[in-house]
Structure formats: structure tokens, C-alpha cells
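Below is one structure; the comments refer to it alone.
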Amino acid sequence: MFILDNQSLKPLYAQLYQQVKDKILAGDLKHGTKLPSSRKLSGDLQISRNTVEMAYQQLAAEGYLLNKPKSGYYIGNLDFSLVPLVQKQEQEKPKTEELRKENFTYDFRYGNLVPNDQLISKWQRLTNHCFREYRSRLADYLNIPGEPGLRKEIMKYLHDYRGVKCSLDQIIIGAGTQYSINLICQLLLRQTTTIAMEEPGFLWAYKVFQNHNFSIRPIELDDFGLKVEQLKVIESKMVYVTPSHQFPTGKIMPISRRLELVEWAMSQNGFIIEDDYSCHLRYNIKPIPSLQSLCPAQVIYLGSVSKFLFPSIRLSYLVLPEQLVTRFQEMFNGLPSVVPFLTQKTLELFMKEGNWDSYLRKTTRHYKEKHDVLIEALRKEFGDSISISGIGAGLHFLIQVKWPMKAEELIARAAEVGVNILPQSKLWFGKEDETYGMILVGFGGIEAEAIPKAIQLLREVWLS
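Sequence positions in the sequence shown follow full-length UniProt numbering and run 1 to 464.
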């Protein structure tokens, strides 16, 4: 028996289709069972024959029914013995992410941002402009380097703000930093299968290199960043670094260490992959010029706007040394860009109108306020019982407690009082950190006025 609801927004044929399918999956309709004719069922349900036929035809197209000419529709010979098990597993699967979203009042997840209404309004206006003015291009595929106008705007910004030296052909638009690293791996596998990385460092970069079967050599840090002396004794022609704000410690690589690193690259004819992920956000000093500005021929430069505008737009840029441009064109020429035209053109107009520069200034001031409030709250509540790394830049701190409590317990206790600190994936690749609990705290997704109360709650549950 089928029951249809004429008041439902769901079409009648879709209701009938779903009810027949559910009965087949539940075993109520067995193999070989003949269904009522469309004439009879339409009369019983007081609906049109076309509605019944649409439902039957969809079920037949998916293989649930067999249509025998001049005979009718029959249930197909299907084995659904595993379906109840799959359904049960899905029902029992804990919806931890949904629970996290519902139960947390204070959000310290790294990488999370509070939506900016003014930015959203401007972005929407420019997107609508693209729909009106570039309608004919909405169906086009962009070449893999990306929209020339956007690459030109990025080139100007990088030259003026980061000291990057490059031509338009050297800039590649990508769908996030991991995508850009993926391209680098494909470019350089001919040259080397070993890469050095900072220890601790960025897990997702590590994962991409690992997935391309690179042999990864962790290099320790000191107060000046990656130890180049260790780099010199391993067999590698490529190193991945975050010199402007090391992830996750926040260390800044001074000019002396940068020159030492450049000297290594030149002597090895190797490449430095410079991930300048948080170059926009410096609070107490001006942004430090890029490593690429010292040695354009040996540095592959990575940047992103996603972490600063909308993480959801997934837009990054890659600046290749001139010697790799021809190889890139040979390997990827003819492939389409992975970032939609609409996204690229909207960002181009956003930058061309001067919105990017003003947004950088305003947003840096906004995040500096959060940065300062969080530092003050942590020092007030915890004093010398914690150490804080990464002060002065970026959107996160690395906090290490000085009492015997592991990160898992710190995170669990925070959850009890509605403070969201997600478990951090491994930051140490070659060894486990043996110190007391260390956590990564992001402040992009919490309002400044909420920070003192959140830190007070952490003190109450961590030191109780």
C-alpha cells in the first residue's frame, strides 16, 4: 500500500518512487513480484498514469525493476543482504562534528574565521558584476595558470608588499596550498625524491610529499628557525620552510639564517619551497621581505588568500623560478585551471578596486586586537605556568603548559566548559614531543569580547 501526500513539496512521482524503493530494500517486495499496472495504480491512488510511469521508469533505469514488454514491471533479482548492515552502521556512527558545533560556546579552532559582513557584501556585489559583464565567459575553461588579470594583480601585490621578483608567466593560480604543493611534487620528482622539512611543521604539506613518495627528512629548529647545518649533511636538493612565521612555533627566520639557506640552495642547485602562509598578518613590526626576494632562481614561493578572505574559496598562488616555467608548460599545458573563472575574476576586481589593500590594513588591526586581548587574558589567568610561542603574527599561538597534563586531557577538559580546541594532528614527524601538553590555539574564529571569559573557564578546568 502506498500513501501519497498532495500537500508535500516533494513531487508525487518522487514520493511513489521512494516508497517502492524502500519496500524493495526492506525485503517487502521480493524478486519476481509483479507491480500493479500504471492504469490500476493510478486509479487506486487517484493520480495520473504519467506520474506512475515516471516513478516506474526511474526505478527501472536504476535497476530495481525489470520492464517486460506487454507484461509489466517486476522486481529485479537483487541481493540486498548487506544493505541492513550498512544502514545500521551509518545509524550508529556518532555524529561527533555535529555535536561539537552544537555544544561549544567559544571557538579556538585554528584556521576558523568570523564571517565579515562588509567583506561578504563587497564580494557579492563584485560576483554579481561578473555575472552581468562576463556572461559569455562563464562557460569557458581557463588555462591552468589562471586568469591573466588576476595574476597581474597578484604580481603587483607581491612585488610591492613582499618584494617578490617575477613575471606573469611564473604565477600559477591554485585551489589551496596543498594543491600547489602537489604541482611542485610533480615538477620536481625528476630532480629529487628527498625533501627536508621543519620539525615540527605543517602536517598537510608533509602528507602531500608523503603521498608522492618523497623521502622526508625532518630538520630541527632553533631560535632562528630551521638549522641549515643539519640540512647540509643530508642528501636533499629541496627543503620546505615557513620562514616569516614558522608553523607552528611562530619563529621568524632572520636575514643571517636566510642567507645561509640561500647559500645552501645555490651550492646544491636545489630549491627552497617558501610557504608564506601568514605574511599578511604582522602586528608589532612591518612584514619581513620574502625569502624569494633574495634568490628568485632557487625559491618556489607559495601564498594564499583563503586564510585571509574566505577559507571556502580555496585560492592560492604559486610563483615558480624561471627555470621551472618551461617544464611546467610542457607537463601541464592544455589542462584547465582548477579554480572557477567566477572566483578568480571576482578576486581580480576586488584587488583592482583597491579593496585588497584596505582590507589588509583593517583586518590586520582587527586581528591585532584579538591577538592582544588573548595574550593579556592568558598571562592574567596562567602567568608563568604556560609558555606561548608565535606572538606577534598569524592567527594562532602554540601554548605549552608547565604542569603534568597531556594535550588530550587539556582538550577534553576544555570541551566540558564549552571551549572548542580541536585535537591537533601530529606536528612532530620524526619523533613524538615528550614535553607536557602542547596545544594550538587559533583566535580567528572568536570575537575579542568573548576571549577573557573563555580563558577564565580554561584556567578553572585546567588547574582545578
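Using N, Cα and C, we set each Cβ at its ideal position, and we do this for glycine too.
For the candidate residues the options, whose alpha-carbon lies nearest to that of residue i?
{"i": "Y277", "options": "S304, Y283, I285 and E263", "result": "S304"}
{"i": "S452", "options": "R379, D223, I386 and L422", "result": "Note that residue 452 corresponds to Pro in the displayed sequence, not to Ser. That would be R379, whose Cα lies nearest to the Cα of P452."}
{"i": "N284", "options": "R258, E274, F310 and I252", "result": "I252"}
{"i": "V20", "options": "G201, I391 and M1", "result": "M1"}
{"i": "T178", "options": "R314, K227 and K70", "result": "Note on identity: in this sequence residue 178 is Gln, with Thr being the wrong assignment. Q178 has its Cα closest to that of R314, out of R314, K227 and K70."}
{"i": "I154", "options": "L16, E348, T242 and P311", "result": "E348"}
{"i": "Y106", "options": "E447, R459 and I300", "result": "E447"}
{"i": "residue 472", "options": "F131, S306, L302 and G72", "result": "The requested residue 472 does not occur in the structure, where the chain is confined to residues 1 to 464."}
{"i": "K345", "options": "R125, C279 and P218", "result": "R125"}
{"i": "K152", "options": "S136, R137, I173 and F202", "result": "I173"}
{"i": "L302", "options": "E460, S180 and Y17", "result": "S180"}
{"i": "T326", "options": "L188, I75, K30 and G76", "result": "L188"}
{"i": "E322", "options": "D169, K362 and E62", "result": "D169"}
{"i": "I120", "options": "V419, G394, I455 and S312", "result": "S312"}
Tell me the DSSP bridge mates of residue i?
{"i": "R217", "result": "A196"}
{"i": "M238", "result": "F271"}
{"i": "E319", "result": "Checking the displayed sequence, the identity of residue 319 turns out to be Val instead of Glu. Answer is I171 and Y301, bridged to V319."}
{"i": "P287", "result": "Paired residue(s): none; P287 is not in a bridge."}
{"i": "S387", "result": "Q400"}
{"i": "A393", "result": "R282"}
{"i": "K34", "result": "Y74"}
{"i": "Y106", "result": "V419"}
{"i": "N116", "result": "BP columns for N116 are empty, so no partner."}
{"i": "G442", "result": "H396"}
{"i": "G111", "result": "DSSP lists no partner for G111."}
{"i": "L65", "result": "I75"}
Rounding to the nearest angstrom, what Cα-Cα distance links residue i and residue j in this structure?
{"i": "K368", "j": "S8", "result": "51 Å"}
{"i": "Y359", "j": "G27", "result": "59 Å"}
{"i": "R413", "j": "L281", "result": "31 Å"}
{"i": "A14", "j": "E381", "result": "59 Å"}
{"i": "F104", "j": "G442", "result": "15 Å"}
{"i": "P336", "j": "Y141", "result": "6 Å"}
{"i": "Y56", "j": "F308", "result": "50 Å"}
{"i": "L4", "j": "T127", "result": "42 Å"}
{"i": "E133", "j": "T343", "result": "14 Å"}
{"i": "V52", "j": "G32", "result": "19 Å"}
{"i": "L457", "j": "S389", "result": "21 Å"}
{"i": "S464", "j": "N213", "result": "46 Å"}
{"i": "residue 466", "j": "A175", "result": "Because the chain in this structure spans residues 1 to 464, residue 466 falls outside the shown range and cannot be described."}
{"i": "H245", "j": "D222", "result": "14 Å"}
{"i": "Q268", "j": "H129", "result": "49 Å"}
{"i": "F108", "j": "V339", "result": "29 Å"}
{"i": "I300", "j": "I184", "result": "8 Å"}
{"i": "D79", "j": "N182", "result": "41 Å"}
{"i": "R258", "j": "R135", "result": "47 Å"}
Just curious, the beta strand (DSSP E) that residue i is in, first and last residue?
{"i": "Q400", "result": "H396 to V401"}
{"i": "N182", "result": "Segment T177 to L188 is the alpha helix (DSSP H) holding N182; no beta strand (DSSP E) there."}
What are the boundary residues of the alpha helix (DSSP H) that includes residue i?
{"i": "M253", "result": "Segment: none, M253 is in no alpha helix (DSSP H) and carries neither H nor E."}
{"i": "M351", "result": "F341 to K352"}
{"i": "K368", "result": "N355 to F382"}
{"i": "V461", "result": "I451 to W462"}
{"i": "L16", "result": "L12 to A26"}
{"i": "L309", "result": "L309 -> no alpha helix (DSSP H), and no H or E assigned at all."}
{"i": "W428", "result": "Unbroken run through W428: none, as it is neither H nor E."}
{"i": "residue 466", "result": "Coverage of the chain is limited to positions 1 through 464, which leaves residue 466 absent and any answer about it impossible."}
Shorter than 7 Å, the distance from the beta carbon of residue i to the closest heavy atom of the ligand MN, or not?
{"i": "F271", "result": "No copy of the ligand MN occurs in the structure displayed, which carries no ligand at all."}
Count the CB pairs spanning the segment 143-152 and the segment 361-379 that are closer than 8 Å, and state whether there are at least three. no
On the three-pair Cβ rule with 8 Å, is the segment 251-263 touching the segment 292-303? yes
Give a yes or no on contact between the segment 339-353 and the segment 192-209, applying the rule of three or more CB pairs nearer than 8 Å. no
Check whether the segment 234-249 and the segment 188-203 touch, using three or more Cβ-Cβ pairs below 8 Å as the test. yes
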